[in-house]
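*Asks:* To start, I am sharing the structure in question, which I have written as structure tokens.
There are 2 protein chains.
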Amino acid sequence: MKVRGLPQQNICLPAGFSFCAASAGIKASGRPDLALVQACQGTTAAAVFTKNRVVAAPLKVGRASLTASRGRVRAVIVNSGNANCATGQAGIRACQEVCRELAGLLGLHPSEVFPSSTGIIGVPLPVAKIVLKLPELTAARAATMQGVANFARAIMTTDTRRKLASATFHSGTSAVNVLGIAKGAGMIHPQLATMLVYLFTDATASPSELKHALLYCCDQTFNCISIDGDTSTNDTVLLLASGRSGVRLKQASVRKDFSEALLKVCQSLAEQIVFDGEGVKHVIRLSVEQAKNRPEARQVAQTVAHSLLVKTAWAGADPNWGRILAAVGRSGIAVDPARVSIQIGDQMVCRKGVGCVFDEKRAHKALAQPRCEVRIFLGRGDSSIRFLTTDLTAEYVRINADYST
Amino acid sequence: MKVRGLPQQNICLPAGFSFCAASAGIKASGRPDLALVQACQGTTAAAVFTKNRVVAAPLKVGRASLTASRGRVRAVIVNSGNANCATGQAGIRACQEVCRELAGLLGLHPSEVFPSSTGIIGVPLPVAKIVLKLPELTAARAATMQGVANFARAIMTTDTRRKLASATFHSGTSAVNVLGIAKGAGMIHPQLATMLVYLFTDATASPSELKHALLYCCDQTFNCISIDGDTSTNDTVLLLASGRSGVRLKQASVRKDFSEALLKVCQSLAEQIVFDGEGVKHVIRLSVEQAKNRPEARQVAQTVAHSLLVKTAWAGADPNWGRILAAVGRSGIAVDPARVSIQIGDQMVCRKGVGCVFDEKRAHKALAQPRCEVRIFLGRGDSSIRFLTTDLTAEYVRINADYST
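Going down the list, the protein sequences come from chains A and B.
Using the working numbering, read the first sequence as starting at 1 and increasing by one per residue.
Using the working numbering, read the second sequence as starting at 406 and increasing by one per residue.
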């Protein structure tokens, strides 16, 4: 089946979910800005949220609802074009009203509705526009790939393309599907960013089993990417399990298969988010190796991934390892510069703190590719981390100087 | 007297110092890249250096020389165009050779020569070129404003103008002069940056008196500016006292006058550095107020000053306070967003975590000025900090994507 606007990849639809989208007029452009997932009875859920202390209203409401419902979610309502953040008590009430109205239409308890918002901060949520559109929205829901494609499109802000990934594993004769839909673009940094990720599976799992798998996968993927170092007020990763496959996570081997499938989906979405970063021309696979432990590897990786001088050098495909070394030196980790080595592409460019003789043209060519590997060896231990980051281009500045997020 | 290329300001020359510069061919452009100060006998010194763990050779040599000479400096030799950083033991030997050769020419002990370098990292220092030029350089030294202007020009890299400031105070019938010469441009962030600052006075002071005054002034000025958040491997602030005015710092009132004069000079140089930041169009005077203590005020200021989304909004003169609030929220300080207020220009734009109704055009106009005030109120205490930072423009990216530092 040809699905309009969907990337040419094999996406599997887990049983138990239906999707739809509409244009409610929240975005001035008139583009789709309201999206709904309905989940079958018995669907369990787990979520992780931004670590920013400024937290948007839907995250407060969603977190409270998950607690009240004991990890049961029957519907997810997402709007783009307005973050409903820094909107005070009025913002909370606005979010609750949307959930209540939707719950009424679908015959659910309001705490079974999970809300998300993304877009501009500090502007009141246009509740009336949203509520007016809910009947049309709920009528359109369908357990089809076209529904998924419409949902993925409606949650986009400055994203240039939909972000979807799926994986399947088998337990006996039963297939278990995992589907992920995400939005990203700017403001992407560890501890999440204006990144909304919805993960769906037809496995049968308790909320705590889901939470465990979700934390493991986020640590490896969404917490290892950085575009601009800013952390959004609205980041949410939500995992829903319909149980429709009949496959339970009780068994260790099934849990392992499930975690692997979920990781694969999260990895793909994390990559798609970084490759679609605002103004990104080059994606850098940054490894920090020979660290004493993973937190210190992460701290060095973050400092390098966040350095304007490093990121602008990458924009120019300039193999300027001195800037990388200087960023390592100010990372707050007690590195001995005389033990630090740096590799760009397949060449060592700095060995034990001193520049190597290397083929600059080849290093430039490696960095000029859409993706390039940069490895930093700290000479302190056996831990490492793989980070996905980007260059910083004049185009990024243009996007963010012109656009009110 | 008209001094070629010097800003139209009243610069006072402290007695006991002579200055000169030359082109040694370190810069491919052929521009002046070697600068010398000679100080009279008895000159005392104190210095502060980068906190980056990657430290360039001249800083290691200079620090050791200050210890060996017990805070006596008779000459300062600075080259631009090459940072002599990440050059290993060979870099240390190269720096020592320059100091030794200069000491020989001037009849000094090598530990009385203080070296500095700024420019590209990881390229061997062209010692032969420098040594060859030393006789011509030393012959040219003069206690004149032209000498000062030449010195200030030769230490520049991507700076577009010389940075000079001076102040004078009186003790009885004696005048005491303080003169400062700096280079800055990119890579400017608290804990110093490729920022070289040379401060000269004709007061009489012990090295420890100088160190005390210097730390106080750096904390208020050079540690409260940020352009791109990167910290250089070569940052140095050096203060020399010739004693030629005959005015001692023994007396508390003189010490206070001296500190004030030094602070004034440092403040002016810090401002000049920020205004000449790479690609800077707007300078922001950022106050963080109502913090529990100064370190927490500093941490919030740094996070905001370092946020790409905030800096790009400033580039577009966009009064996007949501990005500022989001940066405050991820600063690591336990702020309560419901107590945070933000002022842009003369208007409150966010009060206690919620957006105000304000005149957006007026806020845009305020941010479009070369300098604009942004105040953040944390509602936590009585401490505050004043920070000087900049926008981030596409021009910054162009400069740093094209240029090998």
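Ideal Cβ positions, reconstructed from N, Cα and C, are used throughout, including at glycine.
What are the uninterrupted segments assigned as beta strand (DSSP E) that are 3 or more residues long and contained completely in the region 331-364 of chain A, given in chain order?
*Replies:* Those beta strand (DSSP E) runs which fall completely within the region 331-364 of chain A and span 3+ residues are 341-344 and 347-351.
*Asks:* Return the first residue and the last residue of the alpha helix (DSSP H) that A:Q41 is part of.
*Replies:* Run containing A:Q41: none; DSSP gives neither H nor E here.
*Asks:* Return the residue from the list A:V247, A:S208, A:A167 and A:T160 that minimises the CA-CA distance to A:T173.
*Replies:* The option with the nearest alpha carbon to A:T173 is A:V247.
*Asks:* Against chain B, with Cβ distances strictly below 7 Å, would A:T194 count as a contact?
*Replies:* Taking Cβ atoms only, chain B never reaches closer than 7 Å to A:T194, which makes this a no.
*Asks:* Pairs of beta-carbons, one from the region 353-365 of chain A and one from the region 199-212 of chain A, closer than 8 Å: are there three or more?
*Replies:* Segments in contact, no.
*Asks:* Could you list which residues in chain B have their beta carbon closer than 7 Å to that of A:A24, in chain order?
*Replies:* Under the 7 Å cutoff, chain B gives no residues; its nearest Cβ is about 21 Å from A:A24.
*Asks:* When you compare only the Cα positions, how much space is there between B:R458 and B:G486?
*Replies:* Between B:R458 and B:G486, the C-alpha separation is close to 22 Å.
*Asks:* Taking Cβ-Cβ distances shorter than 8 Å, what residues in chain B pair up with A:S232?
*Replies:* Per Cβ cutoff of 8 Å: A731.
*Asks:* For A:R285, report the span of its beta strand (DSSP E) as first-last.
*Replies:* Unbroken beta strand (DSSP E) run through A:R285: V283 to A291.
*Asks:* Any idea if B:H594 is buried or exposed, counting beta-carbon neighbours within 10 angstroms, 16 or more meaning buried?
*Replies:* For B:H594, the pLDDT reaches just 44, beneath the cut-off of 50, and the residue's location in the model is therefore unreliable, although a value from the coordinates is still provided. Flag for B:H594 reads buried.
*Asks:* Measure from the alpha carbon of A:A45 to the alpha carbon of each residue in A:K60, A:L137, A:E112 and A:V357, then state which is nearest.
*Replies:* That would be A:E112, whose Cα lies nearest to the Cα of A:A45.
*Asks:* Considering only C-alpha positions, which residue in the set A:A152, A:L108 and A:E97 is nearest to A:K129?
*Replies:* When only C-alpha atoms are compared, the closest one is A:E97.
*Asks:* The alpha helix (DSSP H) that contains B:R468, what's its start and end?
*Replies:* B:R468 -> alpha helix (DSSP H) spans A462 to A473.
*Asks:* If we define contact as Cβ-Cβ less than 7 Å, is A:I188 a contact residue for chain B?
*Replies:* For A:I188, the predicted model reports a pLDDT of 47, less than 50, meaning its position is unreliable; a value from the coordinates is still stated below. It does not; no Cβ of chain B falls within 7 Å.
*Asks:* Mapping the DSSP letters down to three states, classify A:L192 as helix, strand or coil.
*Replies:* Residue placement at A:L192 cannot be trusted, given a pLDDT of 36 that sits under 50; what the coordinates show is reported in the next sentence. A:L192 falls in the coil class under three-state DSSP.
*Asks:* Contact between the region 436-443 of chain B and the region 554-561 of chain B is defined here as three or more beta-carbon pairs at a separation below 8 Å; is this criterion met?
*Replies:* Short answer: they touch.
*Asks:* Quick check: the Cα distance between A:C218 and A:C266, rounded to an integer number of angstroms?
*Replies:* The alpha-carbon atoms of A:C218 and A:C266 are separated by roughly 7 Å.
*Asks:* Please say whether A:A86 and B:L730 have beta carbons closer to each other than 7 Å?
*Replies:* In this structure, A:A86 lies closer than 7 Å to B:L730 by Cβ.
*Asks:* What's the C-alpha gap between A:R162 and A:V237?
*Replies:* One C-alpha to the other measures close to 16 Å.
*Asks:* What is the C-beta distance between B:I630 and B:L464, in whole angstroms, given that I count them as a contact (C-beta under 8 Å)?
*Replies:* The pair is not a contact, with the Cβ atoms about 20 Å apart (cut-off 8 Å).
*Asks:* Leaving aside the five residues before and after B:L644 along the sequence, list all residues of the same chain whose C-beta is less than 6 Å from its C-beta, in chain order.
*Replies:* Closer than 6 Å at the Cβ level, and outside the excluded window around B:L644, lie A451, L604, L615 and L619.
*Asks:* Taking 7 Å as the cut-off, decide whether the C-beta atoms of A:C40 and A:S242 are in contact.
*Replies:* Taking 7 Å as the Cβ cut-off, A:C40 and A:S242 qualify as a contacting pair.
*Asks:* Please look up how many angstroms separate the CB atoms of A:S383 and A:N293, rounded, as I've assumed it's under 8 Å.
*Replies:* Yes, A:S383 and A:N293 are in contact; Cβ-Cβ is about 5 Å, under 8 Å.
*Asks:* So the beta strand (DSSP E) A:F151 belongs to, where does it begin and stop?
*Replies:* No beta strand (DSSP E) contains A:F151, which is instead part of the alpha helix (DSSP H) from M145 to A154.
*Asks:* Pop quiz: B:L542 and B:A427 are said to be a contact at Cβ under 8 Å. What is the actual Cβ separation, rounded to whole angstroms?
*Replies:* The pair is a contact, with the Cβ atoms about 5 Å apart (cut-off 8 Å).
*Asks:* In chain B, which residues lie with their C-beta within 7 Å of the C-beta of A:A86?
*Replies:* Under the 7 Å cutoff, chain B gives G727, L730, C755, G758, V759 and G760.
*Asks:* Flag A:Q220 as yes when its Cβ comes closer than 6 Å to any non-hydrogen atom of the ligand ZN, and as no otherwise.
*Replies:* The ligand ZN is absent from the structure shown, which contains no ligands of any kind.
*Asks:* With burial defined as no fewer than 16 other Cβ atoms inside 10 Å of the residue's Cβ, what is the status of B:H711: buried or exposed?
*Replies:* So B:H711 counts as buried.
*Asks:* With DSSP as the reference, identify every bridge partner of A:N79, one or two as the case may be.
*Replies:* In the DSSP output, where bridge partners are listed per residue, A:N79 has A:L34 and A:S117.
*Asks:* Does the CB of B:I526 have a neighbour CB from chain A at under 7 Å?
*Replies:* Yes, contact with chain A.
*Asks:* Take A:I376 as the anchor and find which of A:S331, A:I399 and A:A394 has the nearest alpha-carbon.
*Replies:* Among A:S331, A:I399 and A:A394, the Cα nearest to that of A:I376 belongs to A:S331.
*Asks:* Of all Cβ atoms in chain A, is any one closer than 7 Å to the Cβ of B:V705?
*Replies:* No, because no Cβ of chain A sits closer than 7 Å to the Cβ of B:V705.
*Asks:* CB A:A401 to CB B:T717, shorter than 7 Å?
*Replies:* Yes, they are a contact pair.
*Asks:* Please confirm whether B:F792 has its beta-carbon closer than 7 Å to some beta-carbon of chain A.
*Replies:* So no, B:F792 is outside the interface.
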